[in-house]
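For the sequence shown, position 537 (counting from the first letter as 1) is numbered 536 according to numbering that gives the first Met the number 0, and the numbering increases by one without interruption.
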Amino acid sequence: MMWIIVSSFLVYTIFVAWFSWYKTRQTDLTSSDGYFLAGRSLTGIVIAGSLILTNLSTEQMVGLNGQGFGESMVVMAWEVTSPIALIFMAFIFLPRYLKAGISTIPDFLEQRYDLRTRQIVSILFLLGYAVAYLPTVLYSGALVLDSIFSLSSISGTSQFTTVMIVALAIGIIGCCYVIFGGLRACAISDTINGVGLIIGGFMIPFLALVALGGGNLVDGVDKLLHANPAKLNAIGNHESSVPWTVLLTGLLFNNLFYWCTNQAIIQRTLGAKNLAEGQKGVLYAGFFKIFGAFFLVLPGIIAFLLYGEGGLKNADMAYPALVTDVLPLALSGFLAAVLFGAILSSFNGALNSSITLFTLDIYRPMFKPDAKERELVKVGRIFAGGLAAVAVIVAPFIIFAPSGLYYYLQEMFGFYNIPIIAMVVVGFFSKHVPSSAPKITIVVHIVVYALSKFFLGNVNFLYVLSILFPLNVFVMVLVGKLSPRSTAYELYDSKKVDLTPWKHAKVFSVFILLLMIGVYAFFSPIGVAEASAEYSPMSLIFMLGTLILIGGVFWFWRNTNRKQRKQEDQSEFNQSLKQSSL
0 MMWIIVSSFL VYTIFVAWFS WYKTRQTDLT SSDGYFLAGR SLTGIVIAGS LILTNLSTEQ
60 MVGLNGQGFG ESMVVMAWEV TSPIALIFMA FIFLPRYLKA GISTIPDFLE QRYDLRTRQI
120 VSILFLLGYA VAYLPTVLYS GALVLDSIFS LSSISGTSQF TTVMIVALAI GIIGCCYVIF
180 GGLRACAISD TINGVGLIIG GFMIPFLALV ALGGGNLVDG VDKLLHANPA KLNAIGNHES
240 SVPWTVLLTG LLFNNLFYWC TNQAIIQRTL GAKNLAEGQK GVLYAGFFKI FGAFFLVLPG
300 IIAFLLYGEG GLKNADMAYP ALVTDVLPLA LSGFLAAVLF GAILSSFNGA LNSSITLFTL
360 DIYRPMFKPD AKERELVKVG RIFAGGLAAV AVIVAPFIIF APSGLYYYLQ EMFGFYNIPI
420 IAMVVVGFFS KHVPSSAPKI TIVVHIVVYA LSKFFLGNVN FLYVLSILFP LNVFVMVLVG
480 KLSPRSTAYE LYDSKKVDLT PWKHAKVFSV FILLLMIGVY AFFSPIGVAE ASAEYSPMSL
540 IFMLGTLILI GGVFWFWRNT NRKQRKQEDQ SEFNQSLKQS SL
């Protein structure tokens, strides 16, 4: 009965809200560090849970399973390859972020380049969140909850009205977390929901296999492995949505932006108690991502075997159909609550990051440089309410957009994600690239990416990103060679947290990589899968060519830095001689 679903949903949701309040009631929310970065007090487990829940949302639970239903296990690449980027985050990005004591990525870009670069990137982030990400999270979340609770049928309202009401409810609850609890309340709730997601997430494929086997788990597994082995193949050819040749190129660059520079994601890591706890959180999240394929993609494959190719209205109904058909009523309410938590987490993460960007990168430097801590928090809360209201208003109108809008929007994010990761990487490893370089790079990137949409519209955008990242880096290094900054850049040491690394970080990283390779081997022709098509030799040529291009940019950068260091050493030697003669 519906009251059982609603009761279990409310009990779990209210418990999470109460526990988050209870654990954060002593947190100082009057300072920017306390409000935006949880007082730099987050531990590894909390960071890991928050990273996972911020990342997971209905776009993935529904979208990836839908893609698995329509394609194959090849789409697991979005999940299983994430640990590579998270290892980069743990060893390269996070130590530098914590050393500099930054609150936002644009904050670092100002330290490295100038205030104008910081503001440009902040505006790009805010536009992406406000126009695309937040409304899409609300819209897709409303659709899932409508599917589970049959809200449209019960209330007799149109889907547009239902989406508006549910989006409003999510927006209000999300604002309560962000406005009254800050980052720590979001992180605590994420941790609890993370446990629920693990339990509920893995419950779906288990029960779906039982249903596939007619009540017998062993028979279900046997059908999964032998009914259509081609659907289990994770090694995509050049015609697939994620060709194998982009795993270490375009997809990696996309993941580096998402896990290492996307403010909505890394906000949690910037609040780490120390580097060791931050590394634990990042690497624990990487470990979990490897198993994401088993509840974000595999249920879609099982749904294909259960319902058949034409058994559902569309592929995106695969996951909601399984939730409705295989879960007991009480557990349906529990999983709905967990999914609701995932929706809230994604919404809260982007909202918290947006107000952090607005208050610290735009409001204070542009409008009120002498603003006090309390005023910044107050302005952030007002901005959060306004941004959430805009997202709620926009969300239901997505229903009138053509299908595949979210994937299209992700492609559009390519207009700014690659330049940002290029700015950060070049900023870390160069001392003489000037502030003009990132601005020139943004213009070059947007022009080239826009042209690729007109002339290479049928080419997978991950191939385009494979070329554009080294191009962006090359442009920045070239500008630095032609017009170097007058003084060498040195990374500022804020001494805000202990930078002693986690002693098991390297061993754990190797373990994660071996596990990732093992999962790929399992879902491949040498494991349980069957090759679905021949692989084009051009794919290998493209991958080798891209790696050579990246190597060429690296050689150019090393050669340029070597010459600059020699010039600096010679200048210092001449100066010392001059002083000696005096």
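The beta-carbon is built from N, C-alpha and C at its ideal position, and this holds for glycine as well.
Could you check what DSSP says for residue i in three-state terms: helix, strand or coil?
i, result
"Leu-41", "strand"
"Pro-418", "helix"
"Ser-71", "coil"
"Ile-271", "The amino acid at residue 271 is misidentified as Ile; the sequence shows Ala. Looking at Ala-271 - three-state DSSP - the assignment turns out to be strand."
"Gly-235", "strand"
"Pro-483", "coil"
"Pro-242", "strand"
"Leu-28", "Here Leu-28 scores only 45 on pLDDT, less than 50, and its place in the model should not be relied on; the value that follows carries that caveat. Leu-28 falls in the coil class under three-state DSSP."
"Glu-489", "coil"
"Tyr-128", "helix"
"Ile-101", "coil"
"Asn-634", "Coverage of the chain is limited to positions 0 through 581, which leaves residue 634 absent and any answer about it impossible."
"Thr-116", "helix"
"Ser-503", "The sequence as given places His at residue 503; Ser does not occur at that position. His-503: coil per DSSP, three-state reduction."
"Thr-53", "helix"
"Gly-517", "helix"
"Pro-395", "helix"
"Ala-76", "helix"
"Ser-81", "helix"
What is the rounded straight-line gap between the Cα of residue i and the Cα of residue j?
i, j, result
"Asp-315", "Asn-64", "7 Å"
"Pro-105", "Leu-356", "8 Å"
"Met-60", "Phe-294", "8 Å"
"Leu-404", "Leu-246", "Per-residue confidence for Leu-404 stands at a pLDDT of 49, beneath the threshold of 50, marking its modelled position as unreliable; the derived number appears in the next sentence. Approximately 24 Å, taken between the alpha carbons."
"Gly-214", "Phe-205", "11 Å"
"Phe-256", "Ile-265", "10 Å"
"Ile-101", "Val-74", "34 Å"
"Leu-211", "Lys-222", "7 Å"
"Thr-156", "Phe-339", "21 Å"
"Phe-90", "Lys-495", "18 Å"
"Tyr-283", "Ile-44", "8 Å"
"Asn-261", "Leu-133", "14 Å"
"Arg-267", "His-225", "42 Å"
"Thr-116", "Leu-343", "31 Å"
"Leu-461", "Phe-428", "25 Å"
Within a Cβ cutoff of 7 Å, which residues of the same chain sit near residue i, ignoring the five residues on either side of it in sequence?
i, result
"Ser-81", "Asn-254, Trp-258, Gly-285, Lys-288"
"His-444", "Ile-417, Pro-418, Leu-467, Asn-471"
"Leu-490", "Arg-95, Lys-98, Ala-99"
"Leu-464", "Gly-249, Phe-252, Asn-253, Gly-413, Ile-417"
For the candidate residues the options, whose alpha-carbon lies nearest to that of residue i?
i, options, result
"Ala-168", "Gly-200, Phe-346, Val-217", "Phe-346"
"Leu-481", "Leu-513, Ile-516, Ala-449, Ser-434", "Ser-434"
"Val-458", "His-237, Gly-155, Leu-133", "His-237"
"Glu-410", "Gln-66, Thr-42, Gly-127", "Gly-127"
"Lys-430", "Val-476, Leu-455, Val-527", "Val-476"
"Ser-149", "Ala-320, Phe-521, Asp-492, Pro-364", "Ala-320"
"Gly-277", "Ile-547, Gly-48, Leu-216", "Gly-48"
"Phe-414", "Ser-451, Pro-483, Leu-386, Ile-398", "Ser-451"
"Leu-375", "Ala-387, Tyr-283, Ile-354", "Ile-354"
"Cys-174", "Trp-501, Gly-299, Phe-382", "Phe-382"
"Val-296", "Leu-498, Leu-269, Met-72", "Met-72"
"Thr-42", "Lys-502, Lys-279, His-503", "Lys-279"
"Val-478", "Leu-216, Ile-46, Met-422", "Met-422"
Count the other C-beta atoms from every protein chain shown that fall within 10 angstroms of the C-beta of residue i, then say buried if there are 16 or more, exposed otherwise.
i, result
"Asn-273", "buried"
"Asn-313", "exposed"
"Asp-360", "buried"
"Ala-335", "buried"
"Glu-308", "exposed"
"Lys-230", "buried"
"Pro-437", "buried"
"Met-515", "buried"
"Phe-454", "exposed"
"Glu-328", "First, the amino acid is wrong: residue 328 is Leu here, not Glu. It is exposed - the Cβ of Leu-328 has fewer than 16 other Cβ atoms within 10 Å."
"Ser-139", "buried"
"Ser-56", "buried"
Under 8 Å Cβ to Cβ from residue i, same chain only, skipping five residues before and after it: list those, please.
i, result
"Leu-512", "Pro-82, Ile-83, Ile-86"
"Glu-70", "Ser-239, Ser-240"
"Met-365", "Gln-118"
"Gly-426", "Phe-107, Leu-108, Arg-111, Tyr-112, Val-432, Tyr-488"
"Gly-170", "Leu-137, Phe-346, Ala-387, Ala-388, Ala-390, Val-391"
Would you say residue i reaches chain B, if we count a Cβ-Cβ gap shorter than 8 Å as a contact?
i, result
"Leu-137", "Structure shown: chain B not included; a single protein chain is present."
So does residue i have its beta carbon nearer than 7 Å to some heavy atom of the ligand PLP?
i, result
"Glu-276", "This structure lacks the ligand PLP; in fact it carries no ligand of any kind."
Which same chain residues end up closer than 6 Å to residue i when comparing Cβ atoms and leaving out the 5 residues on each side of it in sequence?
i, result
"Ala-166", "Leu-137, Ala-141, Val-391, Ala-394"
"Ser-151", "Asp-145, Gln-158, Thr-161"
"Gln-66", "Val-74"
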